[in-house]
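This report refers to the structure that appears directly beneath it.
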Ligand SMILES: [Zn+2]
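Residue numbers (this note's numbering): 1 to 153.
Okay, structure coming up:
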């Protein structure tokens with residue numbers, strides 16, 4: 001049985017998240033990333049992304065790719081949120097000096113980002129149900145509230 005408790009263990013929400021944002025297609029070793037479900041006591045039924053090489057070799061405490069699915073999704077949401085607020089800044093600057101045509105272009109881009117963002121949020125909510133973690137649901141809600149506040153400002 002693949003037990004991941006060793007690989008990233010209690011990985012609390014706070015710990016170092018400076019590494020890779022989201023999930024890459026491949027591990028640094030060139031193997032694809034698989035999505036599996038944890039069976040450890042600490043994180044029952046919590047899904048995670050893992051290097052397929054490490055899975056096949058049943059490696060533990062190695063440096064191949066590992067990331068919880070819910071955490072990866074939250075990271076992607078944050079990236080999208082940043083993109084959106086950057087875009088909004090850009091639009092404001094543009095509006096000061098340019099006409100309507102550019103405005104339309106930016107509106108389209110923003111719509112696209114927004115759709116992407118809401119899709120991701122759906123995924124996160126699904127994931128929260130999966131992992132049955134109150135912690136996770138709390139973060140998701142905080143995330144959505146943050147997003148709404150950004151939109152209102
Ligand atoms: Zn690997």
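Just so it is clear, CB atoms sit at the ideal spot from N, CA and C, and this is done for glycine as well.
This one's a predicted model, so the numbers in the text were calculated from it and none came from an experiment.
Rounded to the nearest angstrom, the gap between the Cα atoms of residue 69 and residue 34 is 11 angstroms. Three or more beta-carbon pairs separated by less than 8 angstroms link the region 112-132 to the region 73-89, which places the two stretches in contact.
Note: residue 36 is bridge-paired with 48 in the DSSP secondary-structure output.
The Cβ atoms of residue 111 and residue 87 do not sit closer than 8 angstroms to each other. Per the CB criterion, closer than 6 angstroms to any heavy atom of ligand 1, the qualifying residues run in chain order as 27, 29, 31, 51, 53, 54, 64 and 65.
Within the model, the alpha-carbon separation for residue 96 versus residue 89 is close to 11 angstroms.
Taking one beta carbon from each stretch, the region 25-33 and the region 52-61 have 3 or more pairs nearer than 8 angstroms; the two touch. Residue 81 holds the alpha-carbon nearest to the alpha-carbon of residue 143 among 106, 105, 81 and 93. In this structure, residue 59 sits away from residue 47, with a CB-CB distance that is not shorter than 8 angstroms.
The C-alpha of residue 106 lies about 14 angstroms from the C-alpha of residue 115.
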